[in-house]
Structure formats: structure tokens, C-alpha cells
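Participant:
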Amino acid sequence: MPDTVYKIIELVGTSTESWEKAAANAIAKAAKTLRDLRIAEISQLDMHIKDGKIEAYRAKVKVSFKFE
1 MPDTVYKIIE LVGTSTESWE KAAANAIAKA AKTLRDLRIA EISQLDMHIK DGKIEAYRAK
61 VKVSFKFE
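In terms of the numbering used here, the sequence shown is residues 1 to 68.
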């Protein structure tokens, strides 16, 4: 098996519903333009608040993919 190199990028996904959907949105968008996605790691979760209410959930995601 040949040696393999992976690149890691950081994305921020958002959702009005949940952190899980925010992370899933980031991965879904990345999958449209990147091949061989391998691992996703949640590095930070936060929320955008407006007028005392949660307006959006945000998930910062580190994603690795095979570097060709």
C-alpha cells in the first residue's frame, strides 16, 4: 500500500435547528467539491443569539481528505 497524504481544512456550518445539522451542512457542502473525505472532527460549537433567542447554531468542523 503506497504512502498517503491527507489535507485538513476547517469549515463552519450553520443551522437554525441544531449543532448536528450545522455540522452536517458543512460536510454536505464540502462533499460537493472535494473527493475522498475521510474524517470530520468538531472543534467548536457556538450559537448566534439575537434579542435573547437562539438565531443559529454553528459548528466548526475540521475535515480531512486525500491529497492527490
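Here a beta-carbon is modelled for each residue, glycine too, at the ideal position from N, C-alpha and C. Keep in mind that this is a model prediction, so the values were computed, not measured.
1. So the alpha helix (DSSP H) glutamate 20 belongs to, where does it begin and stop?
2. Leaving aside the five residues before and after alanine 23 along the sequence, list all residues of the same chain whose C-beta is less than 8 Å from its C-beta, in chain order.
3. Under the DSSP definition of a beta bridge, which residues are partnered with phenylalanine 65?
4. Using the rule of at least 16 other Cβ atoms within 10 Å of the residue's Cβ for burial, across every protein chain shown, is alanine 26 buried or exposed?
5. So, under 8 Å CB-CB, leucine 37 and phenylalanine 67 are touching, yes? Tell me the CB distance rounded to an integer number of Å.
Facilitator: Quick look at the numbers:
1. Counting along the chain, the alpha helix (DSSP H) containing glutamate 20 begins and ends at 19-33.
2. Answer for alanine 23: Gly13, Ala40, Ile42, Ala59 and Val61, listed in chain order.
3. Residue pairing of phenylalanine 65 in beta bridges, as defined by DSSP: Lys7 and Leu37.
4. Burial call: buried.
5. Taking the Cβ atoms as the reference, leucine 37 lies roughly 12 Å from phenylalanine 67, outside the contact range of under 8 Å.
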